[in-house]
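If you're matching them up, the sequences are chains A and B in order.
Residues in the first sequence are numbered consecutively from 164, following this note's numbering.
Residues in the second sequence are numbered consecutively from 164, following this note's numbering.
Just so you know, even glycine gets a beta-carbon here, dropped at the ideal spot from N, CA and C.
Written out below as structure tokens is the structure these notes cover.
Protein chains: 2
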Amino acid sequence: MPIALRAVILSIAASLALPALADEGMWTYDNFPTEKMHAKYGWAPDAAWLEHAQLSSIRLTLGCSASLVSADGLVMTNDHCVRECVDDLADAKHDYNADGFYAAGAADERKCPAMEANQLVAITDVTQQVEAATAGKTDRAFHEAERAAKAKIESACGTGAEIRCQVVTLYAGGVYDLYRFKRYQDVRLVFAPEESVAFFGGDPDNFTFPRYDLDTAFVRIYDNEKPLHTKDFFKFATRGVKQGDIALTSGNPGSTERDDTLAQLQFQRDYLQPYVLNQYSELRGLLTDYATKGAEQARTSQTLLFGIENSLKAFKGRQMALIEGQLMTDKARSEAAFRARVAADPAIAAADGGAWDAVAAAQAHERDIFVRFSLLERLPRLSTLLSQAIVLNRYAAEIGKPDGQRLEEYADANFPALKARIESTAPVYPELEKTLLTWWLTKLRENLGSSDPDVGTLLGKRSPQEIAASLVDGTKLDGPPLRKQLLEGGADAINAYHDPMIDFARLLDAPARTVRADRENNVAAVFTKNSALIAKARFALDGKSAYPDATFTLRLSYGMVDGYQEHGHAIAPTTNFAGAYAHATGSDPFKLPARWLDAEKAVDPTAELNFASTNDIIGGNSGSPVIGRNGEVIGLIFDGNIQSLGGDFAYDGSVNRAVAVDVTGISEALRHIYHADRLVKELTHK
Amino acid sequence: MPIALRAVILSIAASLALPALADEGMWTYDNFPTEKMHAKYGWAPDAAWLEHAQLSSIRLTLGCSASLVSADGLVMTNDHCVRECVDDLADAKHDYNADGFYAAGAADERKCPAMEANQLVAITDVTQQVEAATAGKTDRAFHEAERAAKAKIESACGTGAEIRCQVVTLYAGGVYDLYRFKRYQDVRLVFAPEESVAFFGGDPDNFTFPRYDLDTAFVRIYDNEKPLHTKDFFKFATRGVKQGDIALTSGNPGSTERDDTLAQLQFQRDYLQPYVLNQYSELRGLLTDYATKGAEQARTSQTLLFGIENSLKAFKGRQMALIEGQLMTDKARSEAAFRARVAADPAIAAADGGAWDAVAAAQAHERDIFVRFSLLERLPRLSTLLSQAIVLNRYAAEIGKPDGQRLEEYADANFPALKARIESTAPVYPELEKTLLTWWLTKLRENLGSSDPDVGTLLGKRSPQEIAASLVDGTKLDGPPLRKQLLEGGADAINAYHDPMIDFARLLDAPARTVRADRENNVAAVFTKNSALIAKARFALDGKSAYPDATFTLRLSYGMVDGYQEHGHAIAPTTNFAGAYAHATGSDPFKLPARWLDAEKAVDPTAELNFASTNDIIGGNSGSPVIGRNGEVIGLIFDGNIQSLGGDFAYDGSVNRAVAVDVTGISEALRHIYHADRLVKELTHK
């Protein structure tokens, strides 16, 4: 399941005329289809249930979901959501990723350098304010007006260390909502298992079911150096799930493109996805070999490789959804039908009828620039050091501008996150940095051509290897104190500071800004404006009966524990510990940790470990609680099956399955394998 | 330009109803369109010209073209066509690839371990014999009858060490021709330049123009330990080419799919090419990092990496041709139009009308099995040692069967090539072998799934790394004497021999044969049979006015030296030495060798180095001579521009360009940079 969120193109709204299928939908908390769920399941959550679930849900800003599971701020999420923290705390002598981590006493809990937890406390509709600002504008003027309006609303809402305010674009511009979050930046690691059992089956079993993974971790939110006291948390269920149990997931699906137009999906299928698949495949090969250079190289590159393999499998699944089956044909048909309905209503047609063609024209422009955008604005971020240099250099340039005119990530509302990132104490690995920079510069030259002016500016007469070595060896930005000092010194201090890495970031800045501005003004802004028109046409003809595409904001999905059919076989909805032991081979990625092998007789072989459910989820939902009708947490989402990957574009209830750890399996493992008595007592009061 | 030929699917014939465009066509020597060329250029070759050119043309069995250029058996080809030889002759102390090779005296010429040169001496039509054998048969019976008929004809023609007879399928089954070649297995290296100038500009400039490459090498054919004496050879031109000069290329284009049906192209676009692009991208990343492990790792992996990057760029170009522009639309339209013409003629319709649907059905089946086929039958060959084990093991199984019932590569006609391969003294690199085997086994498990029975058979409970190490460390097949001894001992000796590698090849054999037989009987045979029907419908309606798709057999293409327009700029058709010096940067891949820098003042800066021409070529044409109207060789094909890559599916004369070294540039470099006086004298008699 993707940890990192893709943000390659803005998604756009145009919900289709088809009725939502059974269990389909990533619903916002303020528009949950209570009646529809009740009609199918004979029960649906009431307002109190919803409020409690919302406040017990946590978003991790690095791209995961989570939930509060004790009155003392204990938070449950996936092991793969805390891997960066586990890596950051590790060193050459302590490989917590391989060996696991457990804080036996409260004092042993350790702060995660880059982790932030957010709790959604309020939603306010601000559509009218934004629309008043953008009315009558197009392209660059539209984009700037929208940015300024959003920044103004966010600033007015609050920007301190304890509050994050975000104007969320829903229905791709049909609705703007202000989301207010409480921010917690002191998050400490409590428990993470061995990676071999968290990710048992590894890449081969990733995005499949049945599974046998303990992809579970616990962190704790601290507030003023003390565990957060909270009344909002989910109690642990004490009985394993069974077929047909009602299951709801509360989490933050990252992004979907279900409302994209046909032209946008064609771009994905023919250009964007093939490009990403090739780049990631090559990077995967590079890192696979890099890890064979030594134990330290393996340790320091593992998390990045995991993320890439994970994304790669997800992209492959998505691409197959676009190539095979009826998805594109259905999209073409439903889009044509809806356009015909719009054309038939003179008032709507006059206002919104040209929207599809405008989107298609902007999409054609993106086709010409997306590779340059990726190479100049995204891929440089593979290097932590260059990323830090870019952020500092741009901060110096942006901070003097009015809030609403800055690049979005430098808006006041985002400053706390920016600061945390710049001051992160996460270690940097010079050899890996050089490898990634060399690779990026090689791709830059390969894709833009050796005679491209931007390539000439950046490479001159030096080779990628030479440049990478000189940047990494010459920079002092690997030291958090220097970065903190530069940030505090502001634009003057940053502009006066020189080393090869930040000077290179300065060289990169103009070409990168140029293509970014082109994309924001001539692609993204056109998408937003016209997708909003399509959404309004939909509201006018069908009301607000549909859910918006995913935007890494909190959504509730309802469904049930359920098996499915695959290649003519029935797949049961649950697995147990006996299955894990039966699948162990002694070799990676099917090697169980020694603790597990030693404890085999102590564990109940029939205790449930993983289960599948019909919930509509996508990357970003990792770590979401699965909640039963009584409000207890019954599971922990950690994956979807391969059929769920097409969910980026459409949900197919017959085979699309979310995959979760059963919380009773978590209790069983903590009790009998890890002897994590302090944690067991906190979770189960036993 | 691809060295290795793709043989992923059999190409099929169905030449389109469109008239051949100017300069389009890879013509067989027995069907050259003399009138058409004369109409355009006011001149065309006569019979004597054609016979001389045919006999002066050479095919290198590893996948390249070449030509005789002296009465003493001197052969000119590309440096990239002798790289395997250069690598094989090199050792840790002599890096001929980096430093170049020149035999200053006759005694210094060194035998290339795995190189064989073939000269086409006769073409005979055997269509009736093959069709008599396949009449009324379908699927497996058709495939076996065709195989048997071809093997019988080839055996009757000759199978000795000096003759290679091959039944060539043209028009995808519309015509079968028997090609008789003289074989030369003693080929010795005379000259190869530094790779940095042979492949100046490297991967970034590959498949582009203007270029500045000396991608040139000379080998010599020996016959009975003496240089071959021959009356057929091309004299070196003494004046550089200019815009509009008539140019013909005589070489062996590997494969094209211009006559494929729409269903076949859709499979290429949606399944085969994306799969290959991802696999090659990953392998490229793997080897890119592998080369950073040390000078020896870089040296031993360089040729493989070069081949992969080259194929990758070619595949990307081909894929873009299928995605962009009108190619698929044109194919759909012309196929529909031709099917309508067939349907309108009751006699033809009854015989051939169902052919397109039969091809589409077989193509749908290939979609289900091509990944398994690739993983079990093709990718294992990445490892030289496993490849040797597979070949020996299969030889033992096949040699007892009647000739026509064997797997094709074990037919009597192919025995000499098989023997040369088994007895090759080319070195094997254990660390690289382990890396490639590990990667293959990992892909096998990833793509077929960890619970696939074939994966279970091959991996058991061991990891890919463990298996790769045990196979490579445990085998003795790295020794040519043992392999020779096993081959001479025949089936009994081979079957009695055990080591981990050959035992693993035995384990792999049944699953690999199963999927191969499925593909040969239910895909390839259906293609051949039905493509032949389509070709016959074409012959019936339009005569034999078209050229057949490329099949790595000798073809003549006519055209002229010509520039073109790109991104609104006019590109001149020739480059010179001054341009090479101007583009040098001192860093790979734009670093000229020291010899070149030292000789800058001695070289005529205006001497021509490379040129572009309108000739219709494709991978396999590497090393082809470019011949002027007076029969002199004027150039040496080494590449095509990026626009030529779509030539796999269609030729676009406005931008499709072949790229060649001007032979006067070769003379200039040999004389003033390499001081290769013996060679210069032989080539220019000066």
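Exercise. Report buried or exposed for K639/A, applying the criterion of at least 16 other Cβ atoms within 10 angstroms of its Cβ.
Key: exposed
Quiz item: So with Cβ pairs under 8 Å, would you call D433/A a contact of chain B?
Solution: yes
Quiz item: Can you pull the DSSP bridge partners for R718/B?
Solution: T191/B and G414/B
Quiz item: Going straight from the alpha carbon of Y660/B to that of P644/B, what length do you get?
Solution: 14 Å
Quiz item: By Cβ distance, which residues of its chain are closer than 7 Å to A506/B, with the 5 residues on each side in sequence left out?
Solution: A512 and G516
Self-check item: For F690/B: DSSP bridge partner residues
Solution: According to DSSP, which records beta bridges pairwise, F690/B is partnered with nothing at all.
Practice problem: With DSSP collapsed to three states, give me the class of S785/A. | Solution: coil
Practice problem: Take L184/A and list the residues in its own chain whose beta-carbon comes closer than 7 Å to its own, dropping the five residues that flank it on each side. | Solution: Legend: pLDDT at L184/A = 42, less than 50; position of this residue unreliable, value from coordinates given subsequently. Answer for L184/A: Y814 and G816, listed in chain order.
Quiz prompt | Among L237/A, V331/A, G749/A and A314/A, the one whose alpha carbon lies nearest that of P627/B | solution = G749/A
Practice problem: Give the secondary structure of P373/A by DSSP, where H, G and I count as helix, E and B as strand, and everything else as coil. | Solution: coil
Quiz item: For Q927/A, does the count of other Cβ atoms within 10 angstroms reach 16, so buried, or fall short, so exposed?
Solution: With chain A covering 164 to 849 only, the question about residue 927/A has no answer from this structure.
Self-check item: 8 Å contact criterion, which G798/A and V826/A should meet: CB distance rounded
Solution: 6 Å
Exercise. With a cut-off of 8 Å on the beta carbons, I'd call V404/B and T737/B a contact; round off their distance for me.
Key: 7 Å
Quiz item: In chain A, which residues lie less than 7 Å from R447/B when you measure between Cβ atoms?
Solution: E445 and G448
Quiz item: Contact between the region 213-232 of chain A and the region 407-426 of chain A: three or more CB pairs below 8 Å?
Solution: yes
Quiz prompt | Bridge-paired residues (DSSP) for G798/B | solution = V789/B and D825/B
Self-check item: Helix, strand or coil at M278/A according to DSSP, with G and I counted as helix
Solution: coil
Quiz item: Apart from the five residues just before and just after K313/B, which ones in its own chain have a Cβ nearer than 7 Å to its Cβ?
Solution: V293 and V330
Quiz item: Cβ of P131/A less than 8 Å from any chain B Cβ?
Solution: Residue 131/A falls outside the range modelled here, since chain A spans only 164 to 849, and no answer is possible.
Practice problem: Using a cut-off of 8 Å between C-beta atoms, extract the partners of P367/A located in chain E. | Solution: Among the chains of the structure shown, chain E does not appear; the protein chains present are A and B.
Quiz item: Which residue from L696/B, L377/B and L600/B puts its Cα closest to that of L549/B?
Solution: L600/B
Practice problem: Using a Cβ-Cβ cut-off of 8 Å, state whether D493/B counts as contacting chain A. | Solution: no
Quiz item: Straight-line CA distance for S587/A to A524/A?
Solution: 42 Å
Quiz item: Okay, do the region 718-725 of chain B and the region 739-747 of chain B touch, 3+ Cβ pairs below 8 Å being the bar?
Solution: no
Exercise. Taking V534/B as part of the beta strand (DSSP E), name the residues at either end of that continuous run.
Key: Element bounds for V534/B: not the beta strand (DSSP E) but the alpha helix (DSSP H), A518 to F536.
Quiz prompt | R402/A burial status per 10 Å Cβ neighbour count (16 or more: buried) | solution = exposed
Quiz item: So, is the C-beta of I486/A closer than 8 Å to a C-beta in chain B?
Solution: yes
Quiz item: Taking just the CA atoms, how far does T379/B sit from K692/A?
Solution: 57 Å
Practice problem: Taking 8 Å as the threshold, find out whether the region 753-766 of chain B comes into contact with the region 698-714 of chain B through three or more Cβ pairs. | Solution: no
Exercise. Give a yes or no on whether the minimum CB-CB distance between Y727/B and chain A is below 8 Å.
Key: no
Practice problem: Sort E571/B, T424/B, L225/B and R481/B by Cα distance to D520/B and report the nearest one. | Solution: T424/B
Quiz prompt | Collapsed DSSP secondary structure at L755/B in the structure displayed | solution = coil
Quiz prompt | Alpha carbon of L649/A to alpha carbon of A324/A, nearest angstrom | solution = 20 Å
Self-check item: Spatially closest choice to N281/A from A270/A, C328/A and F667/A, by CA coordinates
Solution: C328/A
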